[in-house]
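Colleague:
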Amino acid sequence: MSQRVKFNQKLFDMPLLQRVGRSIHARRLARQTRFQSTATRFFRNLKQFQVLEGPLSGLAEGQAPLRILVAGCSFGCEAYSLAGYLAVQFPQVDWTIDAFDISQAAIAVAQRAVYGPKHGLGDPLEREAKPYAERLFERCGDERTIVPDIRQRVFVSHGDLLADDFAADQSYDLVLAQNFLVHMDDEAASEAFSRIVAAVKPGGAIFVGGMDLDTKVGLIKHHELIPVDWEIEAIHDSDEMRRSTWPWGYWTLEPIDRSRPDFTARYSTIFRTKAAVSQPVVSD
Numbered sequence: 046m047s048q049r050v051k052f053n054q055k056l057f058d059m060p061l062l063q064r065v066g067r068s069i070h071a072r073r074l075a076r077q078t079r080f081q082s083t084a085t086r087f088f089r090n091l092k093q094f095q096v097l098e099g100p101l102s103g104l105a106e107g108q109a110p111l112r113i114l115v116a117g118c119s120f121g122c123e124a125y126s127l128a129g130y131l132a133v134q135f136p137q138v139d140w141t142i143d144a145f146d147i148s149q150a151a152i153a154v155a156q157r158a159v160y161g162p163k164h165g166l167g168d169p170l171e172r173e174a175k176p177y178a179e180r181l182f183e184r185c186g187d188e189r190t191i192v193p194d195i196r197q198r199v200f201v202s203h204g205d206l207l208a209d210d211f212a213a214d215q216s217y218d219l220v221l222a223q224n225f226l227v228h229m230d231d232e233a234a235s236e237a238f239s240r241i242v243a244a245v246k247p248g249g250a251i252f253v254g255g256m257d258l259d260t261k262v263g264l265i266k267h268h269e270l271i272p273v274d275w276e277i278e279a280i281h282d283s284d285e286m287r288r289s290t291w292p293w294g295y296w297t298l299e300p301i302d303r304s305r306p307d308f309t310a311r312y313s314t315i316f317r318t319k320a321a322v323s324q325p326v327v328s329d
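Structural data, given as structure tokens:
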């Protein structure tokens, strides 16, 4: 992150200037044209994955195969990052990842599974993510290729979450839908969110970072999702791509306000669906 960007974040995170920042951001939300973006990187928020070792450990400890869906996968960086994390932390777990995106060009990169600097490689590979990156990649010159045993567990395809033929059948233990809902208007985001929820098994989990926070709070309540109160502030502030440029773009991420009554629903990015309720057996 550049010194200029660091200064920008520190400036508008100051309590005296947060109100100014929120006013600027509100105007950006109202006036800027929304656009989809393929901008991403590997291990963008490793802290978020670590919930699988904490409150969501039951998902990775089950006997059945762990089924994961990554919607809006862009170049595949998030899907493969999670795959590398699972391979290191849960080598005994049987898992598969389905990933899709609306961009044919992005999907072509993800399916090729060969990466250079233009497609998400960066500093995180040399920091806390290093052991996962070493498990995930084979190096060839300036490029890195996803290793075969991980590549064969990740199924990448073209898809549109809002298409009439999108199938949402409660078949996934975990769904990641991150950093694309923020680029939709409220109506489209609400419909997409409903389809995301419908893809998750009862008692499953959803990762939703990168969404308008006011819209998210309303949808969490509407769908009766359960926010996971775990490392909320650390996960929030780990999203450097969105935090560092707030409040200048509609897609940027505000500083946390602990005084809000909706704090957990607003700032958590991890949610559970309600578990299925067993029906009583009625005898004749």
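Numbering-wise, the sequence shown is residues 46 to 329 according to the numbering used here.
Quick reminder that beta carbons are idealized off the backbone N, C-alpha and C, glycines included.
On a predicted model such as this, the values are computed, not experimentally measured, just so you know.
What residues are listed by DSSP as bridge partners for A144?
Modeller: Residue numbering aside, residue 144 sits at position 99 when the sequence shown is read from its first letter. Looking at the DSSP assignment, A144 forms a beta bridge with V115, V201.
Colleague: Enumerated in chain order, which unbroken segments of the beta strand (DSSP E) with a length of 3 residues or greater are wholly contained in the segment 73 to 138?
Modeller: Those beta strand (DSSP E) runs which fall completely within the segment 73 to 138 and span 3+ residues are 111 to 116.
Colleague: Please go through the same chain and pick out, in chain order, the residues whose beta-carbon is closer than 8 Å to the beta-carbon of Q81, but skip the five residues on each side of it.
Modeller: Your numbering for residue 81 matches position 36 in the sequence shown. Within the same chain, Q81 has close Cβ partners I147, S148, F225, H228.
Colleague: State buried or exposed for C118, treating a residue as buried only when at least 16 other CB atoms are found within 10 Å of its CB.
Modeller: Translated into positions along the sequence shown, residue 118 becomes position 73. Of the other Cβ atoms in all chains shown, 16 or more fall within 10 Å of the Cβ of C118; this residue is therefore buried.
Colleague: Rounded to a whole number of angstroms, what is the C-alpha to C-alpha distance between D343 and T78?
Modeller: No information on residue 343 is available, as it lies outside the stretch 46 to 329 that the chain covers here.
Colleague: Please state whether DSSP places F182 in a helix, a strand or coil.
Modeller: The residue labelled residue 182 in the question sits at position 137 within the sequence shown. Correct three-state label for F182: strand.
Colleague: In the DSSP assignment, the beta strand (DSSP E) including L221 goes from what residue to what residue?
Modeller: By one-based count along the sequence shown, residue 221 stands at place 176. From DSSP, the beta strand (DSSP E) with L221 extends over 217 to 222.
Colleague: Exposed or buried, what is P193 when buried is set at 16 or more other beta-carbons lying within 10 Å of its beta-carbon?
Modeller: What you label residue 193 is simply residue 148 of the sequence shown in a count that begins at 1. Exposed is the call here.
Colleague: Buried or exposed for P110, please, with buried defined as at least 16 other CB atoms from any protein chain shown within 10 angstroms of its CB.
Modeller: Position 65 of the sequence shown, counted from the first residue, corresponds to residue 110. Counting every other CB atom within 10 Å of its CB across the protein chains shown gives P110 a total below 16, marking it as exposed.
Colleague: Below 7 Å CB to CB, which residues in the same chain sit around I241 once its five sequence neighbours on both sides are set aside?
Modeller: Residue 241 sits at position 196 when you count from the first residue of the sequence shown. Excluding residues within five positions, the ones whose Cβ falls inside 7 Å are A116, V220, A222, I251.
Colleague: Out of Q95, P176, Q215, R86, state which residue places its alpha-carbon closest to the alpha-carbon of A155.
Modeller: One-based indexing of the sequence shown puts residue 155 at position 110. Measuring from the Cα of A155, the nearest candidate turns out to be R86.
Colleague: Between which two residues does the alpha helix (DSSP H) holding F211 run?
Modeller: Within the sequence shown, the letter at position 166 stands for residue 211. Annotation: F211 is outside any alpha helix (DSSP H) and is labelled neither H nor E by DSSP.
Colleague: Identify, in the order they occur along the chain, each residue of the same chain with its Cβ nearer than 6 Å to the Cβ of G66, setting aside the five sequence neighbours on each side.
Modeller: Here residue 66 corresponds to residue number 21 of the sequence shown, with the count starting at 1. Only F57, P292 meet the Cβ criterion.
Colleague: Relative to the alpha-carbon of Q93, which residue among G294, V273, R303, I301 has its alpha-carbon at the smallest distance?
Modeller: By 1-based counting over the sequence shown, the position of residue 93 is 48. Residue V273 is the option with its Cα nearest to Q93.
Colleague: Counting along the chain, where does the alpha helix (DSSP H) carrying E278 start and finish?
Modeller: In the sequence shown, residue 278 corresponds to position 233, counting from 1. 277 to 283 is the span of the alpha helix (DSSP H), which, as asked, contains E278.
Colleague: Sort Y177, G255, K175, I142 by Cα distance to V201 and report the nearest one.
Modeller: Here residue 201 is taken as the residue at index 156 of the sequence shown, counted from 1. Residue I142 is the option with its Cα nearest to V201.
Colleague: Which residue wins for smallest C-alpha separation from N53, given the options A320, I315, E285?
Modeller: The sequence position of residue 53 within the sequence shown is 8, counting from 1. Considering only alpha carbons, the answer is E285.
Colleague: Among all the DSSP beta bridges, which residues are the ones paired with P272?
Modeller: In the sequence shown, the residue the question calls residue 272 occupies position 227. DSSP output for P272 lists F316 as bridge partner(s).
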